[in-house]
Structures are given as C-alpha cells and as structure tokens.
Amino acid sequence: MTAPPPRDSLSPRVPGRGGRDAARRAGAPERGAVPRMEHVRVTSPDLARRAAIGVLHSRLAAGFAGFVLIYLLLAARVVYVTVVHPVPPDKAAIAAQTPSTTVVLPPPARAEITDRNGEILAVSLPAAALYANPKQVEDPGVAAREIAAVIPGLDPGFLEARLADRSRDFVYLDRKLTASQELAVNRLGIPGVYFENTERRHYPEGNLAAHILGGVTPDQRGIAGVEDWFNKRLTSAPGKPLRLSIDIGAEGIVRQAIWQAMSDYDAKGACGIVISARTGRVLAMASVPDYNADDLGSAPADARFNRCVSGDYEPGSVFKLQTLSMAINSGMIQPWDRFNTTHPLHVGRFTVTDFEPAHIWMAVPHILAVSSNIGASRIATILGPQIQRAWLRKLGFFRRPPIQLPEATPPMYHPKSSWKLLTTMTVSFGNGIAMSPLQLISAVVPVVNGGIWYPPTLLDHGKRSAGVRVMSERTSLIMRKMMRNVVTAPDGTGVYARVPGYLVGGKTGTAQVVGPNGRYLQHLNNASFMAAFPMNDPRYVVYVVVLQPHATKQMLPFCHGFTTGGYVAAPAVAQIISRIGPMLGIMPLSGQTLAEAQAALSIPLDPPAPPGRLALGPGHLFPPGASKYAYILAHQTPPANMDVAAHDQALARTEMWQPLAPAAQTVSLPAAPASSAHTLGHRIMNIALPVTHAGG
Numbered sequence: 008m009t010a011p012p013p014r015d016s017l018s019p020r021v022p023g024r025g026g027r028d029a030a031r032r033a034g035a036p037e038r039g040a041v042p043r044m045e046h047v048r049v050t051s052p053d054l055a056r057r058a059a060i061g062v063l064h065s066r067l068a069a070g071f072a073g074f075v076l077i078y079l080l081l082a083a084r085v086v087y088v089t090v091v092h093p094v095p096p097d098k099a100a101i102a103a104q105t106p107s108t109t110v111v112l113p114p115p116a117r118a119e120i121t122d123r124n125g126e127i128l129a130v131s132l133p134a135a136a137l138y139a140n141p142k143q144v145e146d147p148g149v150a151a152r153e154i155a156a157v158i159p160g161l162d163p164g165f166l167e168a169r170l171a172d173r174s175r176d177f178v179y180l181d182r183k184l185t186a187s188q189e190l191a192v193n194r195l196g197i198p199g200v201y202f203e204n205t206e207r208r209h210y211p212e213g214n215l216a217a218h219i220l221g222g223v224t225p226d227q228r229g230i231a232g233v234e235d236w237f238n239k240r241l242t243s244a245p246g247k248p249l250r251l252s253i254d255i256g257a258e259g260i261v262r263q264a265i266w267q268a269m270s271d272y273d274a275k276g277a278c279g280i281v282i283s284a285r286t287g288r289v290l291a292m293a294s295v296p297d298y299n300a301d302d303l304g305s306a307p308a309d310a311r312f313n314r315c316v317s318g319d320y321e322p323g324s325v326f327k328l329q330t331l332s333m334a335i336n337s338g339m340i341q342p343w344d345r346f347n348t349t350h351p352l353h354v355g356r357f358t359v360t361d362f363e364p365a366h367i368w369m370a371v372p373h374i375l376a377v378s379s380n381i382g383a384s385r386i387a388t389i390l391g392p393q394i395q396r397a398w399l400r401k402l403g404f405f406r407r408p409p410i411q412l413p414e415a416t417p418p419m420y421h422p423k424s425s426w427k428l429l430t431t432m433t434v435s436f437g438n439g440i441a442m443s444p445l446q447l448i449s450a451v452v453p454v455v456n457g458g459i460w461y462p463p464t465l466l467d468h469g470k471r472s473a474g475v476r477v478m479s480e481r482t483s484l485i486m487r488k489m490m491r492n493v494v495t496a497p498d499g500t501g502v503y504a505r506v507p508g509y510l511v512g513g514k515t516g517t518a519q520v521v522g523p524n525g526r527y528l529q530h531l532n533n534a535s536f537m538a539a540f541p542m543n544d545p546r547y548v549v550y551v552v553v554l555q556p557h558a559t560k561q562m563l564p565f566c567h568g569f570t571t572g573g574y575v576a577a578p579a580v581a582q583i584i585s586r587i588g589p590m591l592g593i594m595p596l597s598g599q600t601l602a603e604a605q606a607a608l609s610i611p612l613d614p615p616a617p618p619g620r621l622a623l624g625p626g627h628l629f630p631p632g633a634s635k636y637a638y639i640l641a642h643q644t645p646p647a648n649m650d651v652a653a654h655d656q657a658l659a660r661t662e663m664w665q666p667l668a669p670a671a672q673t674v675s676l677p678a679a680p681a682s683s684a685h686t687l688g689h690r691i692m693n694i695a696l697p698v699t700h701a702g703g
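Numbering of the sequence shown is given in the numbering used here, commencing with residue 8 and proceeding in unit increments.
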C-alpha cells in the first residue's frame, strides 16, 4: 500500500466560491488558528518613547566613542612619557608626599661632653620620673609593695611613708626610671601614681674620667668636676658639645696602670697624669679608687676624692727637678760643680741623709741620678730662701692651680717668716711643702720643653696658648740630659722606667706621709715617678704617685722590701709610655737612629769644667752671691760684705717671666754663662738592665 504524501506536499486547493473542498487562500488561517498578521494601532506616546530611546542610543554611542578616544590619548601619553621620552620624577613632590618615619626628640637641656676625638663622655637622654599624689592613693602599703616589686632597690617602707603623707599632694618616688620599669609600673594601674618626662645624664665610659666629669643633681645641675665648673656653658648652649682635651684611650691605659700598682702594693690610692709638654693640655688624669659617674650620689667619700687635684702631698725627691732647674738657671750653679755629700747634715735636732750614702763629692748630674738629699740641700742653701721662694712663686706653688675643676686645692707651704735654713733645705728635696700632683706636673713642663710654662687645661682649644718663658733653653736642655741619666745610668734610681726604643727621662720620688698630728708616720711613704718622653723632643710628661704602698708578699721578690718610687711608680710609668706612645704617633727608635739620639742626650755624671772656669768643690765651696745659709751649713762664718750684686743678678734670672705673645713686653736679663756642647761631654749611655736597688 502506497503511503500518502506528506501534508506539505499536497497541492493547495484553489478556493472556490462555495465549495467546501475549495483550496484556501494563501495566508488565510484555519478556523481557530492565530492569525499571522494583525493590524496594531500605535499611539503618540509610544512614538515619543521610541524617539527618546533612539536619542539615548545615539548618545551612548557618542559617549563610548569619546571614552575610547580619551583612553587612546592617555595610553599614547603614557607611552610617550615612559618609553619615548621619560620624564624624571619631581623630588620635591615625592618628598612632600613621603611620610616621615623619624621621631625628632626635643633638644636636651644640657650639652654633651666629649673627649678630644669626639667620643661622648656625658650625654643627656629622655627619661621618666615616678611621682604620686598621696591624697589619691587608697592603700599606701599595698601600692608601696607593688611598686617595690617591679623597681629593684626601692625600699617598701620608704615608699609607704611617702605615699601615706596625706599633707602633701606631690611626692617623688623614683627619679631614675628605666623604660622597662616605667612600663611595669604603668601596668600596675595604681590610682594617684603618675609619670613625669625628664632627662637623665648618662656617662657611657663608666669609671673612666669620672673625677674629671664629676656629676649632676637629679634636676640636671652640675655638682662636681667639669659638670660643675662649666654648668652655665653646658646649659646656655645645649646644642654645642663641650670638647675636652682628654683622650679616653689614654685615660683607660693610665687608669689600668695605676690600679695595677695600687693592687700590687696594697696601697691606699694612686694617681696618674699625662700632660702635653707643648700645650699644657691634660691628656689623661686618673685617680683610684674611683666610682661610676652614673652613681655619684651613692659613691663612698674615699672614691669621690680626686687625688690628682684635691690631695696635697709632699712630692719628695721629684722636687729636686725644681731645685736644680732653679740653680742652673740662676747662673750660680753649673753642671760641673761638685758638692760635699760625704756625710749627713745636722741642723739642730734634724738630720738630712741619703737613701744610699755615697760618701763622695758629687757633681750636679750625679746628685740628680742617685737622688742625693744632701747635695740638693747644699745647692739650695747657696741660693737662699729669697731665690727659692721667687722660683716657686713664679711656677705657681703658692696659688691654686689654674685647672677647670672646682675640687682643685692650693698648695701648703711655710710662711715667709718661718722660711729659714731648715725649710730651705727640706723643700729642696720635696719635704716641708705639699701640693697636688697636677700642680707638680704642670711645673715640670717648662723643665723639659725648652723653658715655656703653659697653664694646665682640660679644654681642647683650636690653637695652643702662647705660653710664658720661665727659664732658658740651655737650662731645659741640661735638665733633659740629667733626667735621661736617672733612667739610663747603672746606679740611677729610675732604671725601671726604661722602655725599649723610647728616650725616657725622669725622676723618682719617695716622700714620708704626714699624720693627723703633723708628724711623719713611721714606715709609710708615697712613691712617685715623674717622666717625659721622648727626651730629644719632649711631647708628653707622665706622673704617677702611689699612696702608702706596702711590700706585699707578691712583690717582695721584685722590690726586696722597698717601696720607693723606683720600684713602685717607675714600672707603672714605663707601662703607660709603652702603650700610649704608638697610640699618639710616637714610634720607638732603633739601630743607628737610637744610638745617635742617645749620644746627643748624654752627659757624664761628673762632667769636667770647661777651660778657664773654676768649678765649685773642695777648696772653692761658694760662688759669688751665695746665701749666708750656705756658710752656716758648712760651719763657716759668712763674710761681712756679701756680694749683693751677684745675688740680685741671680734673683733677676730666677724671676724671668717673658710672655711669648707677639705684643708682650720682655725684659733683658743678665745671661747665664754659656757652655759649649763639648764641655758637658757626650757618651752613649749604658742601658743594661739593673740588678741592684732603685731607690729615690
């Protein structure tokens, strides 16, 4: 059976006029079907809405095109400024937009103190103080215990008493809070307890230079040392550091050396000073025992005592440097003069002896080398008390030393009315007069530097003081040669101050200790050594004094029971010089250079008199102008007509005071008899290590 064709394939009927089967007209729907076309009636509002939508579409298209254009322009600009022609950033604009990450602290109320190299010795830093209003504290006992638990060192009883004082509305509990302690107290949350922003003075070097720096009160006011002396300067210019002449490296070396000497000999204390021979600036000054400068208030009185400027001690034989400088500069005494040291000197109930009697006539270099008290006494009595006092007054031994420390004290000496024969003798070897170590070392500076005195100072000025000439260059040169003998001569008292390669010269000192009743204490002394280096061109003077040393069991094999300056202080000076020399740019010599330098500084212990000159000695005891005391000491009657003119000439040379400032007035003084180099003699000195006593 054949399938009927699909419906769609049937030919459409042609509609008839009335026939049922007539084909339908194209497009005519069947009965009940949805018509394919209809007539829609559009109103005016619809047309307006359609027009508005059309306008909106056109505007959107225009806006999109505008945005695309702007984007393309910006992209082109970015490419141009970053690739084609980069534009550097504006630094000022960047800086203005960069947030600041540093906190600028308010300027301190007190200036820093530094050493000569800029190392900070004292600085003020922000801190906090703890205070309370007792009227707002509910339970003082509980609050006191809680605070004491987080701040070690505070006494709960003290805190409770402060907090329980209801009559006050402000009490300090602690004025030195650390940051951690402030946080700990803050966490307690105790009502009535508050914090106050303050400053605290810090000393980073601890004990080093503590006596120089001194300290401040809790309200930052100077109370000792340069903090007190320069209090106005430190507070008026807080942004400008105060620069001292101290070198903290040298200060540490000096402190270590004197501390070792004090410990080795179980001494009561010690002092060490290094001063520039060219400027008078103090490079190091240490006194032990000392204290931590941060804890000045809790330091014991003995530790706070500055032995370098506050202690007046009899210098002992170190003072012979002044006696012999005075004698040679006066022109009355020459290096080749010899004096009777064969026996002790008796004046009333007093006797002057030598540590190691030689029983010979000694020349001036020999007297200094072996430290003869008898020889120094005879020389001083030839000059007399008037010349002696004039010399000491000129070098500052009758006034307070001009150093910037309030603790500095004036020396102690006999009044003019009692300065007779015995005082003249004892002062010549450093007894019967007392001064601070700083005053003594500042008077030795002109002895070694060519005769120029500089006021000692703790400030590091840009240029040095002009200085004042107080003795001739010839006197200083002779003294340097004789001081070199003290260290190099086989029987010199300063043999333990030798330092390989360094031309060290010096003088030992061993002085008795004066007791509370004014009498000398038995079996106690102060041991010292004064040195300068290098002696061919002195740069620095070093002084060490050890107070009341004892021959301990540890040191007995070395010192043989003696506590003299040669055994106790000279090794400490040698240690200081060997360590600070390279640090200060002074290198040791060796070989031919060392031998030539030694030869230039040599002088015989008993130099001969130059041709045509009559030396003092047996048969010719006194020069013209000698004091009557010299005749009395020699058990002779003074001449009826003393040579006043010769004495006055010697006094004029002694009073030499010629400021070296360009416009200074100078006075022409009688010249001392000159001597050529060969008359003093030259020889390379024996520098073999000593095996015998080193007294003085």
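The beta carbon of each residue, even a glycine, is placed where N, CA and C say it ideally should be.
If you run the structure through DSSP and keep just helix, strand and coil, what is Glu414? In the sequence shown, counting from the first residue as 1, residue 414 sits at position 407. Coil at Glu414, not helix or strand.
Does DSSP put Glu662 in a helix, a strand or coil? Sequence index remark: in the sequence shown, residue 662 carries index 655 (1-based). In this structure, Glu662 counts as coil in the three-state DSSP scheme.
Per-residue DSSP class, three states only, for Trp236: What you label residue 236 is simply residue 229 of the sequence shown in a count that begins at 1. Reduced to three states, the DSSP call for Trp236 is helix.
Measure the C-alpha to C-alpha separation of Glu363 and Pro351 and round it to an integer number of angstroms. For the purposes of this step, residue 363 is identified with residue 356 of the sequence shown, where counting begins at 1. For the purposes of this step, residue 351 is identified with residue 344 of the sequence shown, where counting begins at 1. Taking the straight line from one Cα to the other gives about 11 Å.
How many Å lie between Pro615 and Glu662 at the Cα? Against the sequence shown, residue 615 aligns to sequence position 608. Against the sequence shown, residue 662 aligns to sequence position 655. Straight-line Cα distance between these residues: approximately 29 Å.
Closest to Leu510 by CA distance: which of Gly516, Pro617, Lys488 and Val521 is it? Locating residue 510 in the sequence shown gives position 503, counting from the first residue. For Leu510, the nearest C-alpha among the options comes from Lys488.
Please give the ranges of any beta strand (DSSP E) in the segment 103 to 165, keeping only runs that are unbroken, at least 3 residues long and fully inside the region. 127 to 139
Pro666: which of Leu640, Ala647 and Pro462 sits nearest, CA to CA? Within the sequence shown, the letter at position 659 stands for residue 666. Taking the Cα of Pro666 as reference, the smallest distance to any Cα among Leu640, Ala647 and Pro462 is reached at Pro462.
Quick check: what's the CA-CA separation for Gly199 versus Asp309? The residue given as residue 199 occupies position 192 in the sequence shown. The residue given as residue 309 occupies position 302 in the sequence shown. Roughly 40 Å separates the two Cα atoms.
Applying the criterion that 16 or more other CB atoms from any shown protein chain within 10 Å of the CB defines a buried residue, is Asp176 buried or exposed? For the purposes of this step, residue 176 is identified with residue 169 of the sequence shown, where counting begins at 1. Exposed: under 16 other Cβ atoms inside 10 Å.
Distance, Cα to Cα, Leu137 vs Gln411? By one-based count along the sequence shown, residue 137 stands at place 130. By one-based count along the sequence shown, residue 411 stands at place 404. Rounded to whole angstroms, Leu137 to Gln411 spans 35 Å at the Cα level.
Length-filtered (4 minimum) alpha helix (DSSP H) runs lying within the segment 167 to 198: 186 to 195
So His218 is in the beta strand (DSSP E); what residue range does that whole segment cover? Residue mapping note: residue 218 aligns to position 211 of the sequence shown, counting from 1. From DSSP, His218 is part of no beta strand (DSSP E) but of the alpha helix (DSSP H) over Ala217 to Leu220.
Can the beta-carbon of Val261 be found closer than 8 Å to that of Val281? Looking up residue 261 in the sequence shown gives position 254. Looking up residue 281 in the sequence shown gives position 274. Against a cut-off of 8 Å, the Cβ pair of Val281 and Val261 comes out as a contact.
Compute the Euclidean distance between the alpha carbons of Thr431 and Asn438, then round it to the nearest angstrom. Numbered from its first residue, the sequence shown carries residue 431 at position 424. Numbered from its first residue, the sequence shown carries residue 438 at position 431. Computed Cα separation, rounded: 10 Å.
With a cut-off of 8 Å, do at least 3 Cβ pairs link the segment 397 to 413 to the segment 372 to 381? Counting Cβ pairs under 8 Å, fewer than three are found: no touch.
Would you identify the three-state DSSP class for His350, choosing helix, strand or coil? Residue mapping note: residue 350 aligns to position 343 of the sequence shown, counting from 1. In the structure shown, His350 sits in coil (DSSP, three-state: anything other than H, G, I, E or B).
I need the boundaries of the beta strand (DSSP E) containing Cys278, first residue and last residue. Here residue 278 refers to the residue found at position 271 of the sequence shown. Counting along the chain, the beta strand (DSSP E) containing Cys278 begins and ends at Gly276 to Ser283.
When you compare the CB positions of Gly318 and Ser443, do they come within less than 8 Å of one another, or not? In the sequence shown, residue 318 corresponds to position 311, counting from 1. In the sequence shown, residue 443 corresponds to position 436, counting from 1. A contact, by the Cβ cut-off of 8 Å.
Going by alpha carbons, who is nearest to Ala602 out of Pro645, Gly259, Thr495 and Gly222? Counted from its first residue, the sequence shown places residue 602 at position 595. Selected option, being the one with the closest Cα: Thr495.
CA-CA distance, Ala708 and Ser187? Residue 708 is absent from the model: the chain starts at 8 and stops at 703.
Of the residues Tyr210, Trp266 and Gly276, which one's Cα is nearest the Cα of Ile127? Here residue 127 refers to the residue found at position 120 of the sequence shown. When only C-alpha atoms are compared, the closest one is Tyr210.
Does DSSP classify Lys247 as helix, strand or coil? The residue you call residue 247 lines up with position 240 of the sequence shown. In this structure, Lys247 counts as coil in the three-state DSSP scheme.
Compute the beta-carbon to beta-carbon distance between Tyr272 and Thr559, rounded to the nearest angstrom, for a pair I have assumed lies under 8 Å. The sequence position of residue 272 within the sequence shown is 265, counting from 1. The sequence position of residue 559 within the sequence shown is 552, counting from 1. Contact between Tyr272 and Thr559 is confirmed by a C-beta separation of about 6 Å, below the 8 Å threshold.
In terms of residues, what are the limits of the alpha helix (DSSP H) holding Val454? As a first step, residue 454 must be located in the sequence shown, where it is residue number 447. Here the alpha helix (DSSP H) through Val454 covers Pro444 to Val455.
Classify Asn204 as buried or exposed, calling it buried when 16 or more other Cβ atoms lie within 10 Å of its own Cβ. The residue labelled residue 204 in the question sits at position 197 within the sequence shown. Classification of Asn204: exposed, given that the 10 Å Cβ count is below 16.
Does the beta-carbon of His64 have 16 or more other beta-carbons within 10 angstroms, so that it is buried, or is it exposed? As a position in the sequence shown, residue 64 is number 57, starting the count at 1. So His64 ends up on the exposed side.
CA nearest to the CA of Ile381, picked from Ile340, Asn336, Thr433 and Pro422: Looking up residue 381 in the sequence shown gives position 374. When only C-alpha atoms are compared, the closest one is Thr433.
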